[in-house]
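Engineer:
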Ligand SMILES: [Zn+2]
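Numbering (the numbering used here), first residue to last: 540 to 923.
1. Quick one: using the 10 Å Cβ neighbour count with 16 as the cut-off for buried, is residue 591 buried or exposed?
2. For residue 875, which of helix, strand or coil comes out of DSSP?
3. Closest to residue 658 by C-alpha separation, out of 672, 731, 671, 639, would be which residue?
4. Name, in chain order, the residues that DSSP records as bridge partners for residue 743.
5. Going by DSSP, what residue range makes up the alpha helix (DSSP H) through residue 774?
6. Rounded to a whole number of angstroms, what is the C-alpha to C-alpha distance between residue 643 and residue 695?
7. Tell me whether residue 672, by its Cβ, gets closer than 7 Å to a heavy atom of ligand 1.
8. Let me check you understand the geometry: is the CB of residue 691 closer than 7 Å to at least one non-hydrogen atom of ligand 1?
9. Are the beta-carbon atoms of residue 740 and residue 855 separated by less than 8 Å?
10. CB of residue 926 to nearest heavy atom of ligand 1: below 7 Å?
11. What residues match up with residue 675 in a beta bridge as DSSP calls it?
12. Nearer than 7 Å: is that true of the beta carbon of residue 733 relative to any heavy atom of ligand 1?
13. Look at the alpha carbon of residue 667 and the alpha carbon of residue 721, and state the distance between them as a whole number of angstroms.
14. Grouping DSSP H, G and I as helix and E and B as strand, with all else coil, what is residue 733?
15. With distances taken from CA atoms, which of 799, 800, 617, 807 is nearest residue 492?
16. Quick check: does the Cβ of residue 884 come within less than 7 Å of any heavy atom belonging to ligand 1?
17. Take residue 669 and list the residues in its own chain whose beta-carbon comes closer than 8 Å to its own, dropping the five residues that flank it on each side.
18. Does the separation of the CB atoms of residue 750 and residue 835 fall below 8 Å?
19. If you draw a straight line from the C-alpha of residue 617 to the C-alpha of residue 674, how long is it?
20. Report yes or no: do three or more beta-carbon pairs, one from the stretch 764 to 780 and one from the stretch 842 to 861, lie closer than 8 Å?
21. Taking only three categories from DSSP, how would you classify residue 662?
22. Measuring alpha carbon to alpha carbon, tell me which of 831, 779, 781 ends up nearest residue 926.
23. Is it right to say residue 724 is buried, meaning 16 or more other beta carbons lie within 10 angstroms of its own, or is it exposed?
24. Rounded to whole angstroms, what's the CA-CA distance from residue 779 to residue 759? Just pull it up for me.
25. The alpha helix (DSSP H) that contains residue 701, what's its start and end?
26. Just to confirm the assignment, what range does the alpha helix (DSSP H) spanning residue 694 have?
27. Taking just the CA atoms, how far does residue 605 sit from residue 641?
28. May I have the straight-line CA-CA distance separating residue 676 from residue 787, to the nearest angstrom?
29. Among 885, 843, 679, 661, which residue has its Cα nearest to the Cα of residue 508?
30. Identify whether residue 861 lies in helix, strand or coil by the three-state DSSP scheme.
31. At what residues does the alpha helix (DSSP H) containing residue 782 begin and finish?
32. Report the residue from 733, 810, 880 whose alpha carbon sits nearest the alpha carbon of residue 622.
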């Protein structure tokens, strides 16, 4: 049924490594087994299907799985939320040469996003504390001088077969997590987590819209041309509110983070990325905002309108990721914001997995939409 199941787990090169752990999952993963019977049955069918193949991996929520040499870590989840962390790693194995940005894209970089790996682990723990369940977390443990999992594989691996394999594992795990989300709730949210060091201390939320585009009025952003450009393409098509309200209204992700004490642009009082009392747009401000990169484009609904929406979250350092205490505090705030966001827009109760009134959660889309079946290898497999 799934490409990642029907294909051998061995990597495409001659390294001969394979994903290291084969486990069985619990048949009921939400708190108190409160899933609708249909969903549970669908999950069992899925598990039976993937367990029937030889050597197939079935993932236990909360457990870590690793690619070759432990460069890539996947902490399996049972919630419809996926985090990936491409730039927080620290491993510098000698078998992978340092990357050289010469001849690559203008935004080629080798600078790490400090403490984002630690922040992701704090978020994983905070979600479990808040919900009793786990988000999916994919971590690149290699330092960015060795690999960039937020660029295409050519630039990201710089010719190293070992880096190329790690890149493929990173993206394969995102795909595996996306499939699990589709099976369980039908829809979900992918977040590519980064750290930024811009002068203004705030969280930058990237929806694949530029700083320039965000200076448009709500009326302009609500025109049909804009939502399909966004990593929220599918969600925007399903909510009963205008696109601009989804991006920066009272229950937008930015507004919900702001309510928790973390300025996050855009939001209801900072509708665009401009600085200053009147938010007059200054073109130079575009350097002060990351609107979403390779992974957000590749893994979100913008590509084919699939059921997994995407968001690039660029957090500032001081007060968010600089100390264990601050990471824990921000992670708890993020968990609270996510609950309201899912209830408001996906109409999914993140504590139970149940669809709320008016919601469309459920596996029907998965079974009815052949576009959800992923091809075999990244990047083409990123149909989700
Ligand atoms: Zn980054």
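Note that beta-carbon positions come from the ideal geometry of N, C-alpha and C, so glycine has one too.
Since the model is a prediction, treat every value here as computed from it, not as a measurement.
Structural biologist: The answer reads as follows:
1. As a working mapping, residue 591 is identified with position 52 in the chain shown. Confidence at residue 591 is low in this model, with a pLDDT of 43, below 50, so its placement is unreliable and the value that follows should be read with caution. Exposed: under 16 other Cβ atoms inside 10 Å.
2. Sequence index remark: in the chain shown, residue 875 carries index 336 (1-based). It is helical.
3. As a working note, residue 658 is residue 119 in the chain shown. Considering only alpha carbons, the answer is 731.
4. Here residue 743 refers to the residue found at position 204 when the chain shown is read from its first residue. BP columns for residue 743 point to 804, 853.
5. To locate residue 774, count along the chain shown from 1; it is residue 235. Unbroken alpha helix (DSSP H) run through residue 774: 772 to 777.
6. Reading the chain shown from its first residue, position 104 is the one you call residue 643. Reading the chain shown from its first residue, position 156 is the one you call residue 695. Going from the Cα of residue 643 to the Cα of residue 695 covers about 10 Å.
7. Working through the chain shown from its first residue, we reach residue 672 at position 133. Checking the Cβ of residue 672 against ligand 1 gives no.
8. Walking along the chain shown from the start, residue 691 turns up at place 152. Using a cutoff of 7 Å, the CB of residue 691 does not count as near ligand 1, since none of the ligand's heavy atoms is closer than that.
9. Here residue 740 refers to the residue found at position 201 of the chain shown. Here residue 855 refers to the residue found at position 316 of the chain shown. For residue 740 and residue 855, yes; Cβs fall inside 8 Å.
10. Absent from the structure is residue 926, since the part of the chain shown begins at 540 and ends at 923.
11. By one-based count along the chain shown, residue 675 stands at place 136. DSSP output for residue 675 lists 621 as bridge partner(s).
12. On the chain shown, residue 733 is found 194 positions in, with the first residue counted as 1. Yes - ligand 1 has a heavy atom lying nearer than 7 Å to the Cβ of residue 733.
13. As a working note, residue 667 is residue 128 in the chain shown. As a working note, residue 721 is residue 182 in the chain shown. About 20 Å.
14. Within the chain shown, the letter at position 194 stands for residue 733. Correct three-state label for residue 733: strand.
15. Lying before the first or after the last residue shown, residue 492 is absent from the chain, which here runs from 540 to 923.
16. Taking the chain shown and counting its residues from 1, one reaches residue 884 at position 345. The answer is no for residue 884.
17. Working through the chain shown from its first residue, we reach residue 669 at position 130. These residues qualify, in order along the chain: 871, 874, 875, 878.
18. Translated into positions along the chain shown, residue 750 becomes position 211. Translated into positions along the chain shown, residue 835 becomes position 296. No, these two residues do not count as a Cβ contact at 8 Å.
19. Counting from one through the chain shown, the residue named residue 617 turns up at place 78. Counting from one through the chain shown, the residue named residue 674 turns up at place 135. When rounded, the distance between both Cα atoms is 6 Å.
20. yes
21. If you number the chain shown from 1, residue 662 lands on position 123. Residue 662 falls in the helix class under three-state DSSP.
22. One cannot answer for residue 926 here, as it falls past the ends of the chain, which runs 540 to 923.
23. Sequence index remark: in the chain shown, residue 724 carries index 185 (1-based). By the C-beta density criterion, residue 724 is buried, having at least 16 other C-beta atoms within 10 angstroms.
24. Position 240 of the chain shown, counted from the first residue, corresponds to residue 779. Position 220 of the chain shown, counted from the first residue, corresponds to residue 759. Rounded to the nearest angstrom, the two C-alpha atoms are 18 Å apart.
25. The residue given as residue 701 occupies position 162 in the chain shown. Counting along the chain, the alpha helix (DSSP H) containing residue 701 begins and ends at 700 to 724.
26. For this step, residue 694 is matched to residue 155 along the chain shown. Start and end: 692 to 696.
27. Residue mapping note: residue 641 aligns to position 102 of the chain shown, counting from 1. Residue mapping note: residue 605 aligns to position 66 of the chain shown, counting from 1. C-alpha separation (whole angstroms): 31 Å.
28. Looking up residue 676 in the chain shown gives position 137. Looking up residue 787 in the chain shown gives position 248. Taking the straight line joining both Cα atoms gives about 26 Å.
29. Here the chain covers residues 540 to 923 and nothing more, so residue 508 does not appear.
30. Counting from one through the chain shown, the residue named residue 861 turns up at place 322. Reduced to three states, the DSSP call for residue 861 is coil.
31. Locating residue 782 in the chain shown gives position 243, where the first residue counts as 1. First-last of the alpha helix (DSSP H) with residue 782: 782 to 787.
32. As a first step, residue 622 is located in the chain shown; it is residue number 83 there, counting from the start. Nearest C-alpha to residue 622: 733.
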